[in-house]
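There are 2 protein chains.
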Amino acid sequence: MNSPRKASSKAIKQTPAPATATVVQKSVGSAMPAVGKSTINDVARLAGVSKKTVSRVINDSPLVRPDTRERVQALMQQIGYAPDPQARGLAFRRSFLIGLVYDNPTAQYIVNMQYGALDALRNTGFELVVHPCDSKSEGYIQGIRAFVQRQKLFGVILIPRVSEDQDLADALRDMEVRYVRIASIALDEPSRMLQTHDRLAGVEVANYLESLGHRHLALITGPHRYRSSIERGGGFIDGLAKRGIQLSTDCVYEGGYTFESGVAGAERLLQRTPRPTAIFACNDEMAAGVYKAALRMGLSIPGDLSVVGYDDSPLASQLWPALSTIHLPIRDLGRQAAQILLAGEPALRGPRPAPSMAVTPHLSVRDSCQPPKG
Amino acid sequence: MNSPRKASSKAIKQTPAPATATVVQKSVGSAMPAVGKSTINDVARLAGVSKKTVSRVINDSPLVRPDTRERVQALMQQIGYAPDPQARGLAFRRSFLIGLVYDNPTAQYIVNMQYGALDALRNTGFELVVHPCDSKSEGYIQGIRAFVQRQKLFGVILIPRVSEDQDLADALRDMEVRYVRIASIALDEPSRMLQTHDRLAGVEVANYLESLGHRHLALITGPHRYRSSIERGGGFIDGLAKRGIQLSTDCVYEGGYTFESGVAGAERLLQRTPRPTAIFACNDEMAAGVYKAALRMGLSIPGDLSVVGYDDSPLASQLWPALSTIHLPIRDLGRQAAQILLAGEPALRGPRPAPSMAVTPHLSVRDSCQPPKG
DNA sequence: GAACCAATTGACACCGGTTACCATAACGTC
DNA sequence: GACGTTATGGTAACCGGTGTCAATTGGTTC
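If you read the sequences in order, they're chains F and W.
Per my numbering, residue 199 is the first one in the first sequence, and the count goes up by one each step.
Per my numbering, residue 199 is the first one in the second sequence, and the count goes up by one each step.
1) So with Cβ pairs under 8 Å, would you call W:A280 a contact of chain F?
2) Quick check: is the beta carbon of F:P260 nearer than 8 Å to any beta carbon in chain W?
3) Does W:Q212 get closer than 8 Å to chain F when you measure Cβ to Cβ?
4) Rounded to whole angstroms, how far is the Cβ of W:N310 from the Cβ of W:I538, which I believe are closer than 8 Å?
5) With a Cβ-Cβ cutoff of 8 Å, do F:E429 and F:G400 count as a contact?
6) For F:R286, count neighbouring Cβ atoms within 10 angstroms of its own Cβ and tell me buried if that reaches 16, exposed if not.
7) Three Cβ pairs or more, each shorter than 8 Å: is that satisfied between the segment 415 to 432 of chain F and the segment 475 to 485 of chain F?
8) Do you know whose CA, among W:Q469, W:W518, W:D317, W:V450, lies nearest F:V488's CA?
9) DSSP puts F:M391 in a beta bridge; with which residues?
10) Flag this pair as touching only if the segment 409 to 424 of chain F and the segment 453 to 462 of chain F have three or more C-beta atom pairs under 8 Å; answer yes or no.
11) For W:S361, would you say it is in contact with chain F, using Cβ-to-Cβ distances shorter than 8 Å as the test?
12) Under 7 Å Cβ-Cβ, which residues of chain W neighbour F:P330?
13) Which residue comes first and which comes last in the alpha helix (DSSP H) that contains F:L295?
14) Of all the CB atoms in chain W, is at least one closer than 8 Å to the CB of F:E191?
15) What residues from chain F crowd round W:E325, counting only those whose CB sits closer than 7 Å?
16) Nearest-angstrom Cα distance between F:I524 and F:M484?
17) Ignore the nearest five residues each way along the sequence and tell me which others in W:I435's own chain have a CB closer than 6 Å to its CB.
18) Using a cut-off of 9 Å between C-beta atoms, extract the partners of W:F457 located in chain F.
19) How about the segment 464 to 476 of chain W and the segment 407 to 415 of chain W: do they share at least three Cβ pairs that are nearer than 8 Å?
20) Taking 8 Å as the threshold, find out whether the segment 342 to 349 of chain W comes into contact with the segment 233 to 252 of chain F through three or more Cβ pairs.
21) Would DSSP call W:A245 helix, strand or coil?
22) Which chain F residues are close to W:S293, counting only those with a beta carbon under 9 Å from its beta carbon?
23) In three-state DSSP terms, what is F:S225?
24) Along the chain, where does the beta strand (DSSP E) that runs through F:T419 open and close?
25) Could you work out which residues of chain W lie near F:Y489, taking near to mean beta carbons separated by less than 8 Å?
26) Here's the rule I'm using: 16 or more other beta-carbon atoms within 10 Å means buried, otherwise exposed. How should W:Q223 be labelled?
27) Does the CB of F:A535 have a neighbour CB from chain W at under 8 Å?
28) Could you pull the DSSP bridge partners for F:L356 from this structure?
29) At the level of alpha carbons, what is the spacing between W:H395 and W:S382?
30) Would you kindly work out how many angstroms separate the C-alpha atoms of W:S522 and W:L398, rounded to a whole number?
31) Under the rule that 16 or more other beta-carbon atoms within 10 Å means buried, what is F:P559, buried or exposed?
32) Among W:V563, W:L540, W:A491, which residue has its Cα nearest to the Cα of W:A520?
33) Taking the C-alpha atoms as reference points, what is the distance between F:S504 and F:L415?
34) Do you know how far the Cα of F:E336 is from the Cα of W:Q271?
35) Is the beta carbon of W:A464 less than 8 Å from the beta carbon of W:A491?
36) Could you check what DSSP says for W:E581 in three-state terms: helix, strand or coil?
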């Protein structure tokens, strides 16, 4: 009884529209709705309501009668209307763009992060804008600032290593833009952090190798200025210590997260007496370097030397023997980061995602480890 | 004599502004100009000209007297004004976003393409929005269409394999959005294409291996539905033929661009008599598979078997021995793609890039090949 | 010195949404 | 039936730019 009354009376009030509006004609004869051509005015006219009401429907305002809402929604669906993000953004004084800011982790890492973030952004009307930067260059923060302010970004995802820069985080907070930092430890309020728990992974590697029977171990870390390196290596050392094995400092080599530094580190470490029977390299690239050094020295893997890496890069399963390594569900991480940013956003176009669960790394066991000989 | 006259008379005409505008105050006492807060109205008021004139300056219109232009530009610089891309986009009925559409090449490829495109976009006011898609899913084109139309994209970069889809290209052309397709051969008008010349690279591999003395060769291709695979493999076969070597069909294995298919292919091919002394795998992953199969069979590389890959992925230099492979300057490719899209855009903020040069693949010789024994 | 022309410049409406504020209708209560 | 609430919709102004077109300006011509 309600809807027809309203609808008809209003329709008469409206400016007399031709029987078929331009927009509708476009979709005639096509299975696909004509997308991107109609405006909120068309919707209002065709639905026999005001712009304002359509706007309320778009933004999920409670001040719309359910049947009105449904009618408008159905119409929007039918003519393939989607609000213009630019116009909306202009009025809202912000955009529907999320920035992904990073400086230099591996390609695999970046791409998976992107996939994950996009998983969460799909059908929300938000888009992902990539923004690599060089955190070593003077004034890079100013560049990010300009980016954020010009685009009026809705939010920013920071991934290592820039995520560790407190100055950058402070700058973002000053600008009152939401951000999420992905890092190995808590550097910020929980609502702005996503932890990768690298320390736990380091401990897991220690436990695994110790339980295989290894007693002479060695460690190749990343650069000490990387938080991740400290956590991974630190966890490994702590884990061994908990099991009664003290790793002496000359069993630790500071690498650079590069293949070459892995080679160099292994060459040094494998000359020690007694020779280590297992090496934990803090990323896969360095582990590949260990392979190279070991093979050149005539050592077989895992016969003479067990190796564990970190990252589970494609490389890990393509080495021979396949490398046991720490796997981190990066895509999940990206998804969660985006979800955190979107949390509390009222009118998402898709279904609201379930609250996220913690993401933790775990050891992916392959063929590069076995109990030591003898 | 001119400028002051104009300035003063106009200034009087304008709405009486307070001596210091809000915007200017913001930048006082800070080395950095306050960015993102001022509007075209502020600039107009402070410069004593109309909005429209400022707009003309922004857009490099020739209808502005040089001294007026300079005065306005200086002011914009001083107060750190940058036009709002959303407002501009709304008025222009298009955005300043470039879409990067891809479906599934390797992470390295995607990331380098992004870096390249961003190189060209830096300081132009344009941003890069990533949009992976699944070209195997029904109606994926509709998804890209919605993306393009909703965001009113300025242009789109298509990279393999979606770049090979003519239906998608047609759809984009229908929507009148600029695009550039990156593919191994010319699939479109030159102004919309960027070729990777995979065939030439295949020929180069053939020449190289033949010149080392190999006569018993084998080929592991990618899936035949990939244009790149056809070109790489075809070039190899043609190149050998030109040098008098006919590659019989059972020396060709159709792989899937995956590590496992490389293993399987090598296992098959290495059982032939006479055993091939060299294998060209159409990407590095498969080449890594060849390594695994060969090593398992007790063959040494390059002593018993020479291997060439394609892509120059990080993997290539991290295998042992390091893999000789085809290197393609993907970052350059990305840069050029973006430059092509931006070509003819009147008011870029940065300097106009030099016209681009052709990008060609070349063989990067490492340690995985040597003349055959005996 | 008036007329005229080209070069500049500005007033105003508009892009497609939003908010602020007000008017109206529907509903239940007394 | 008057009245206060609550729900709903309408109007106008605005977000920060652009297009259109008329008005102003300066220099030139006669």
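Every residue, glycine too, gets a C-beta built ideally from N, C-alpha and C.
Given the structure is predicted, the values throughout are model-derived calculations rather than measurements.
So, to answer that:
1) yes
2) no
3) Annotation note: pLDDT 34 at W:Q212 (below 50); position unreliable, coordinate value reported separately. It does not: the Cβ of W:Q212 has no partner Cβ on chain F nearer than 8 Å.
4) 17 Å between Cβ atoms; not a contact.
5) yes
6) Around the beta carbon of F:R286, a 10 Å sphere encloses 16 or more other beta carbons of the protein chains shown; the residue is thus reported as buried.
7) yes
8) W:W518
9) For F:M391, which the question treats as bridged, DSSP gives the partners F:R379.
10) Flag = yes, the segment 409 to 424 of chain F and the segment 453 to 462 of chain F touch.
11) no
12) Chain W residues near F:P330: Y313, L316.
13) F:L295 -> not in any alpha helix (DSSP H); beta strand (DSSP E) instead, spanning 295 to 300.
14) Chain F is shown from 199 up to 572; residue 191 of chain F falls before or after that span and cannot be answered.
15) Near W:E325 (Cβ distances below 7 Å), the residues of chain F are V327, Q349.
16) 13 Å
17) Cβ within range, chain order: L445.
18) Chain F residues near W:F457: P512, S515, Q516.
19) yes
20) yes
21) helix
22) P283, Q284
23) Note that F:S225 has pLDDT 35, beneath the 50 cutoff, so the model's placement of it is unreliable and no number is given.
24) 415 to 419
25) The contacting residues are W518.
26) Here the model assigns W:Q223 a pLDDT of 37, short of 50, so the residue's position is not dependable, and the following value carries that caveat. When all chains shown are included, W:Q223 counts as exposed.
27) no
28) F:V299, F:R379
29) W:H395 and W:S382: Cα-Cα distance of roughly 5 Å.
30) Roughly 16 Å between the two C-alpha positions.
31) buried
32) Nearest in C-alpha terms to W:A520, of all of W:V563, W:L540, W:A491, is W:V563.
33) 9 Å
34) 26 Å
35) yes
36) The displayed coordinates of chain W run from 199 to 572. Any statement about residue 581 of chain W would go beyond what the structure contains.
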